[in-house]
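Novice:
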C-alpha cells in the first residue's frame with residue numbers, strides 16, 4: 001500500500017506544482033470544518049474530492065485508515081474553484097463549501113446539503129447510508145433520483161440560508177424537507193450549518209410548520225386552508241430572562257414549544273416546528289413532546 005501511495009503521489013505531484021504557481025492563499029470561502037474533520041474518513045472511498053472550494057484532495061486507505069491527501073489549491077481570487085469531475089480547478093461564479101458530517105435526524109432520503117452529487121438514506125434508527133450519483137449527474141430531491149446535471153443551480157449555489165441559529169426553511173425542490181440551523185465553534189468563531197428533517201408523509205413545510213397537503217389549495221383555487229404563521233415578536237423580559245444572562249438562546253419557561261433568541265440586545269420569541277419542542281439541555285428543537 002505504501003508503494004502504491006508513493007507512485008500515486010509521484011503522478012499527482014506535477015499537477016499540484018503547476019496549480020500552485022497560480023494559487024493564492026484561500027481564506028474568505030474556506031470551509032471552517034476542514035480543520036475539524038477528515039472528509040475521506042466519512043466518505044471511505046478511493047476518489048478525488050473537493051475538501052473545500054479551493055482544495056482538491058484524494059482519498060486513500062492505509063493500514064485500515066482512510067486519509068485525505070491535498071493535491072492542489074485553486075486561485076479563488078480569479079474565480080477558479082475546485083471541481084471533482086474534472087479533477088482540477090475550473091471557472092465558476094459560485095461554490096458551495098463542504099460542511100460537517102451529515103447526521104440523520106429522522107428517517108427518509110435526504111440531499112447532501114453541500115454536495116449535489118450525494119444523498120443520504122436514513123433509517124428509523126438514524127443510521128446514514130451515503131449514496132453517490134454516477135459521474136456527471138446530481139441528486140434531485142424532487143424526483144428522488146440522480147436526474148440532474150452537475151451544471152444545475154443546486155450544484156452551484158447553497159440551497160439553505162443560516163443567518164441565525166435556529167433559523168429554519170423549506171428545502172427548495174422538496175417541500176416535505178426542511179432544515180433548522182445549528183452551530184459549532186471553530187477557533188472561537190461561531191459557524192452555522194443546516195440540519196435536515198422530513199415532515200410526516202402527506203405534509204409540507206410552510207410558514208415554519210408542517211401542514212397537511214390537503215390544507216393547501218391547488219393553483220387557481222380561490223380557497224386556501226392555512227394556519228397563520230406565528231409572528232416573530234420582540235419582547236423585553238425581566239431578569240433572569242435577559243440578553244445579559246443568555247448566550248444567544250434561551251428556553252421559554254412558559255412554553256416548551258418556543259424559545260428566545262437574543263438579537264440586538266432584545267429577546268425575540270421563536271416557535272419550533274410542529275411535532276418538536278425546545279430542549280433546554282441541548283438548546284435545540286427536537287422531535288417529540290414535552
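Numbering (the UniProt record's numbering), first residue to last: 1 to 290.
Using N, Cα and C, we set each Cβ at its ideal position, and we do this for glycine too.
By the 10 Å Cβ neighbour count, where 16 or more other Cβ atoms means buried, how is residue 77 classified, buried or exposed?
Specialist: Result: exposed.
Novice: Using a threshold of 8 angstroms, state whether the C-beta atoms of residue 197 and residue 105 are closer than that.
Specialist: A contact, by the Cβ cut-off of 8 angstroms.
Novice: Taking 6 angstroms as the limit between beta carbons, can you name the residues of its chain near residue 74, skipping five residues before and five after?
Specialist: Cβ neighbours of residue 74 beyond the five flanking positions: 54, 80, 81, 82 and 89.
Novice: Please confirm whether residue 136 and residue 150 have their CB atoms less than 8 angstroms apart.
Specialist: Cβ atoms of residue 136 and residue 150: closer than 8 angstroms.
Novice: Rounded to whole angstroms, what is the Cα-Cα separation between residue 284 and residue 290?
Specialist: Roughly 13 angstroms separates the two Cα atoms.
Novice: Once DSSP output is grouped into helix, strand and coil, what is the label at residue 87?
Specialist: Of the three classes helix, strand and coil, the one that applies to residue 87 here is coil, per DSSP.
Novice: How is the alpha helix (DSSP H) around residue 153 delimited, first residue to last?
Specialist: Residue 153 -> alpha helix (DSSP H) spans 153-156.
Novice: Suppose the cutoff is 6 angstroms on Cβ atoms and the five residues either side in sequence are ignored; what does the same chain contact list for residue 163 look like?
Specialist: Same-chain partners within the cutoff: there are none.
Novice: Taking a contact to mean a Cβ-Cβ separation below 8 angstroms, would you say residue 132 touches residue 144 in this structure?
Specialist: No. Outside cutoff.
Novice: Buried or exposed: residue 126, going by 16 or more other Cβ atoms within 10 Å of its Cβ?
Specialist: Residue 126 comes out exposed.
Novice: Rounded to a whole number of angstroms, what is the C-alpha to C-alpha distance between residue 303 and residue 160?
Specialist: An answer regarding residue 303 cannot be provided, because it is not within the stretch 1 to 290 covered by the chain.
Novice: By the three-class DSSP mapping on this structure, what secondary structure does residue 39 have?
Specialist: If DSSP states are grouped into helix, strand and coil, residue 39 belongs with the helices.
Novice: Taking just the CA atoms, how far does residue 265 sit from residue 205?
Specialist: Whole-angstrom Cα-Cα distance: 30 angstroms.
Novice: Distance check for residue 261 and residue 236, CA to CA, integer angstroms please.
Specialist: With a pLDDT of only 36 at residue 236, under the threshold of 50, the placement of this residue in the model should not be trusted; the figure read from the coordinates follows. Approximately 12 angstroms between the Cα atoms of the pair.
Novice: Around the C-beta of residue 185, are 16 or more other C-beta atoms found within 10 angstroms, so that it is buried, or is it exposed?
Specialist: Result: exposed.
Novice: Look up residue 254 in the DSSP assignment and say whether it is helix, strand or coil.
Specialist: Note: residue 254 maps to coil in three-state DSSP.
Novice: Please report how far the alpha carbon of residue 95 lies from the alpha carbon of residue 153, in whole angstroms.
Specialist: Each residue's Cα considered, the two are about 10 angstroms apart.
Novice: Our contact map puts residue 276 next to residue 287 with C-beta atoms below 8 angstroms; I'd like the distance itself, whole angstroms only.
Specialist: Confirmed, about 6 angstroms.
Novice: Who are the Cβ neighbours of residue 128 in its own chain at under 8 angstroms, not counting the five residues just before and after it?
Specialist: Around residue 128: 102, 103, 104, 120, 121 and 122.
Novice: Leaving out five residues before and five after residue 112 in sequence, what residues of the same chain have Cβ atoms less than 7 angstroms from its Cβ?
Specialist: Hits under 7 angstroms: 102, 118, 119 and 120.
Novice: Starting from residue 285, trace the beta strand (DSSP E) in both directions and tell me its first and last residue.
Specialist: Run containing residue 285: 284-287, per the beta strand (DSSP E) assignment.
Novice: Just the C-alpha distance for residue 85 and residue 59, rounded to the nearest angstrom, thanks.
Specialist: Using only the alpha carbons, I get a separation of about 15 angstroms.
Novice: Could you tell me how far apart the beta carbons of residue 271 and residue 176 are, in whole angstroms, since I believe they sit closer than 8 angstroms?
Specialist: About 19 angstroms; that fails the 8 angstroms criterion.
Novice: Just verifying my parser: in three-state terms, what is the DSSP assignment at residue 214?
Specialist: Helix.
Novice: How is the beta strand (DSSP E) around residue 170 delimited, first residue to last?
Specialist: Segment 168-171, the beta strand (DSSP E) holding residue 170.
Novice: Can you tell me the Cα-Cα spacing of residue 63 and residue 256, whole angstroms?
Specialist: Between residue 63 and residue 256, the C-alpha separation is close to 49 angstroms.
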